[in-house]
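**Q** The structure under discussion is supplied below as structure tokens; questions concerning it will follow.
Numbering (the working numbering), first residue to last: 1 to 463.
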């Protein structure tokens, strides 16, 4: 015998459950809105047969991770009281209810044991046998256990129980809205770079994760993109805790499945057709596709600044490879980008190969998107401090060199981004610079193929 046999015994008990107030689900509509931060909002419209006067009705199939304090009910009557019952049936729950009561056990060898259950701790129990002795069983998985009936107070599904008052009897519509944890969504992007590193084909999917403890059949699905502020709830209830290459000349993008619109300070995506979201499921739905998006590949080296030289005067570092593109209509885009992971691929002439990935944050239209693909293998940056002078107690001068070594068989340009801090002045530089902000400058260093190019500049700090 094992735990499966015990579970089978419990399932037989469940067949005798009869709750007079629970009615078959007569659902008119179901709406599910999923946010980026472990939150779902459910709107469930059902019909119930309601008695006149005061009565009690049960609504089952609600999320196990519901926030009961968020429940809102629309009903042609008055709701007097609400209870959320989540003490679900399990082996341990049943046995806990049978302490000081009679139970029967059958061992793997077929031996019957009867007695009074005195205690249970995980898989260990203590039994007072009919002969008056104590029997301690360290592993109940080796026994089949039978009890008389299902104890009161245990249920098979999370249930909302309402005490209501209605002036009339009959079939009435009740609309329930509530928040639940355990629901999330994010975007996934696949970008395929062309042979010239000048264009990408972009596919976007949304992944919806449901771990809320309920299934939502044929639901109207909405996704909210944006950072919604949520106060963390107090944990007072139990919680469960392929890209295919296509001929661009004959390609026709499929119709988009989501309709997007601005909503408050966020963006909302409405799925055009109802869908079923199963418990413990990750569902993926196509968001949009775009072909021949113009991109710019560039090399970026972020110089470490003053504090790097405090520890070492000679540094050899990697140069990042960045792909950037404009999210506008002219470039075949011009829609909000929900945050998510972007995976980049490129063909080597035989098959698509993965070249890197990066995260994109929530990005509105007409903004630039930058993706770090990885680090360049054949480009090296070497920097060092050449000189430093103390002009006075509050004035210092430093001379730096950043050498870019290009081992590629093509000319390149590397953007050297240098953080200078505050109170700085560049006294001299062999390459012009652009001021990015009050603390940062950018040098664009051009290097011929298989050559090296040094950037030399002097900075004065006056404190």
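Just so you know, even glycine gets a beta-carbon here, dropped at the ideal spot from N, CA and C. Since the model is a prediction, treat every value here as computed from it, not as a measurement.
Out of curiosity, what's the CA-to-CA distance linking residue 79 and residue 178?
**A** If you number the chain shown from 1, residue 79 lands on position 79. If you number the chain shown from 1, residue 178 lands on position 178. Cα to Cα, residue 79 sits roughly 16 Å from residue 178.
**Q** Which same chain residues, not among the five before or five after residue 448, have their C-beta less than 8 Å away from its C-beta?
**A** By 1-based counting over the chain shown, the position of residue 448 is 448. The residues are 406, 411.
**Q** Near residue 333, which residues of its chain fall below 7 Å by C-beta distance, leaving aside the five closest residues on each side in sequence?
**A** For this step, residue 333 is matched to residue 333 along the chain shown. Answer for residue 333: 290, 293, 327, listed in chain order.
**Q** Nearest by alpha-carbon distance to residue 44: which of 160, 94, 347, 103 is it?
**A** Working through the chain shown from its first residue, we reach residue 44 at position 44. Cα-wise, what sits closest to residue 44 is 160.
**Q** Based on Cα-Cα distance, which residue from 108, 56, 446 lies nearest to residue 455?
**A** Start at 1 with the first residue of the chain shown, and residue 455 comes out as number 455. With distances taken between Cα atoms, residue 455 lies closest to 446.
**Q** Counting C-beta neighbours from all protein chains within 10 Å, is the total for residue 48 16 or more, i.e. buried, or is it exposed?
**A** The count along the chain shown starts at 1 and reaches residue 48 at position 48. Looking at its Cβ environment, which holds 16 or more other Cβ atoms inside 10 Å, residue 48 is buried.
**Q** Measuring alpha carbon to alpha carbon, tell me which of 381, 380, 397, 382 ends up nearest residue 388.
**A** Translated into the one-based positions of the chain shown, residue 388 becomes position 388. Checked all of 381, 380, 397, 382; the closest Cα to residue 388 is 397.
**Q** Output needed for residue 317: all residues of its chain with C-beta closer than 6 Å, excluding positions within five of it in sequence on either side, in chain order.
**A** Looking up residue 317 in the chain shown gives position 317. Closer than 6 Å at the Cβ level, and outside the excluded window around residue 317, lie 381.
**Q** Using the beta-carbon count (16 or more within 10 Å), is residue 63 buried or exposed?
**A** As a first step, residue 63 is located in the chain shown; it is residue number 63 there, counting from the start. By the neighbour-count rule (16 or more Cβ atoms within 10 Å), residue 63 is buried.
**Q** Are any of the Cβ atoms in chain D nearer than 8 Å to that of residue 274?
**A** Checking the listed chains, one finds no chain D in this structure; it contains a single protein chain.
**Q** Output the distance between the C-alpha atoms of residue 273 and residue 280, rounded to the nearest integer angstrom.
**A** In the chain shown, the residue the question calls residue 273 occupies position 273. In the chain shown, the residue the question calls residue 280 occupies position 280. One C-alpha to the other measures close to 21 Å.
**Q** Do residue 374 and residue 360 have their C-beta atoms within less than 8 Å of each other?
**A** As a working note, residue 374 is residue 374 in the chain shown. As a working note, residue 360 is residue 360 in the chain shown. No. Outside cutoff.
**Q** Need the endpoints of the alpha helix (DSSP H) that residue 92 sits in, please.
**A** Within the chain shown, the letter at position 92 stands for residue 92. Here the alpha helix (DSSP H) through residue 92 covers 91–97.
**Q** Under 6 Å Cβ to Cβ from residue 467, same chain only, skipping five residues before and after it: list those, please.
**A** No information on residue 467 is available, as it lies outside the stretch 1 to 463 that the chain covers here.
**Q** Distance, Cα to Cα, residue 402 vs residue 426?
**A** For this step, residue 402 is matched to residue 402 along the chain shown. For this step, residue 426 is matched to residue 426 along the chain shown. In a straight line, the C-alpha of residue 402 is about 15 Å away from that of residue 426.
**Q** Given a cut-off of 8 Å, decide if residue 182 and residue 207 are closer than it, judged by their beta-carbon atoms.
**A** On the chain shown, position 207 is the one that residue 207 refers to. On the chain shown, position 182 is the one that residue 182 refers to. Not in contact: residue 207 and residue 182 (Cβ atoms no closer than 8 Å).
**Q** Output the distance between the C-alpha atoms of residue 312 and residue 32, rounded to the nearest integer angstrom.
**A** Translated into positions along the chain shown, residue 312 becomes position 312. Translated into positions along the chain shown, residue 32 becomes position 32. Annotation note: pLDDT 48 at residue 312 (below 50); position unreliable, no value reported.
**Q** Would you mind sorting residue 459 into buried or exposed? The rule is 16 or more other CB atoms within 10 Å of its CB.
**A** For the purposes of this step, residue 459 is taken as residue 459 along the chain shown, with counting starting at 1. Flag for residue 459 reads buried.
**Q** Counting along the chain, where does the beta strand (DSSP E) carrying residue 406 start and finish?
**A** Taking the chain shown and counting its residues from 1, one reaches residue 406 at position 406. Residue 406 -> beta strand (DSSP E) spans 395–406.
**Q** By DSSP, does residue 391 sit in helix, in strand, or in coil?
**A** Here residue 391 refers to the residue found at position 391 when the chain shown is read from its first residue. Residue state, collapsed to three classes: coil.
**Q** Going by the DSSP bridge assignment, what does residue 437 pair with across the sheet?
**A** For the purposes of this step, residue 437 is identified with residue 437 of the chain shown, where counting begins at 1. Its beta-bridge partners are 440.
**Q** So, helix, strand or coil for residue 410, using DSSP?
**A** Counting from 1 along the chain shown, the entry for residue 410 is found at position 410. In this structure, residue 410 counts as coil in the three-state DSSP scheme.
**Q** Just to confirm before moving on: does the CB-CB distance between residue 219 and residue 277 stay below 8 Å?
**A** Here the question's residue 219 lines up with position 219 in the chain shown. Here the question's residue 277 lines up with position 277 in the chain shown. Contact flag set, yes.
**Q** Below 6 Å CB to CB, which residues in the same chain sit around residue 158 once its five sequence neighbours on both sides are set aside?
**A** Against the chain shown, residue 158 aligns to sequence position 158. Within the same chain, residue 158 has close Cβ partners 62, 64, 86.
**Q** Where DSSP assigns a beta bridge to residue 376, which residues make up the other side?
**A** What you label residue 376 is simply residue 376 of the chain shown in a count that begins at 1. For residue 376, which the question treats as bridged, DSSP gives no partner whatsoever.
**Q** What's the C-alpha gap between residue 321 and residue 191?
**A** As a position in the chain shown, residue 321 is number 321, starting the count at 1. As a position in the chain shown, residue 191 is number 191, starting the count at 1. Their Cα atoms are separated by approximately 15 Å.
**Q** Hey, residue 364 and residue 336 are a contact pair by Cβ (cut 8 Å); roughly how many whole angstroms apart?
**A** The residue labelled residue 364 in the question sits at position 364 within the chain shown. The residue labelled residue 336 in the question sits at position 336 within the chain shown. That pair is a contact at about 6 Å.
**Q** What are the residues that DSSP puts in a beta bridge with residue 341?
**A** As a working note, residue 341 is residue 341 in the chain shown. DSSP, once it has assigned bridges, lists 188, 359 as partnering residue 341.
**Q** Work out the CA separation of residue 38 and residue 66 for me, nearest whole Å.
**A** As a position in the chain shown, residue 66 is number 66, starting the count at 1. As a position in the chain shown, residue 38 is number 38, starting the count at 1. Between residue 66 and residue 38, the C-alpha separation is close to 12 Å.
**Q** On the DSSP bridge assignment, give the partners of residue 347 in chain order.
**A** Taking the chain shown and counting its residues from 1, the one referred to as residue 347 is at position 347. Note: residue 347 sits in a beta bridge opposite 352.
**Q** From 176, 358, 129, pick the residue whose C-alpha is nearest to that of residue 105; which is it?
**A** What you label residue 105 is simply residue 105 of the chain shown in a count that begins at 1. It is 129.
**Q** Is DSSP giving residue 329 helix, strand or coil here?
**A** Looking up residue 329 in the chain shown gives position 329. Here residue 329 sits in helix by DSSP.
**Q** In chain order, what are the residue ranges of uninterrupted beta strand (DSSP E) at least 3 long that sit wholly in the stretch 37–108?
**A** List check, beta strand (DSSP E) in window: 39–50, 53–59, 72–75, 78–85, 102–107.
**Q** Would residue 99 pass as a contact of residue 131 if the rule is Cβ separation under 8 Å?
**A** Working through the chain shown from its first residue, we reach residue 99 at position 99. Working through the chain shown from its first residue, we reach residue 131 at position 131. No, Cβ-Cβ distance for residue 99 and residue 131 is not below 8 Å.
**Q** What first and last residue would you give for the beta strand (DSSP E) that runs through residue 200?
**A** For this step, residue 200 is matched to residue 200 along the chain shown. First-last of the beta strand (DSSP E) with residue 200: 199–210.
**Q** Tell me whether residue 443 is buried or exposed, calling it buried when 16 or more other Cβ atoms sit within 10 Å of its Cβ.
**A** On the chain shown, position 443 is the one that residue 443 refers to. Per the 10 Å Cβ criterion, buried.
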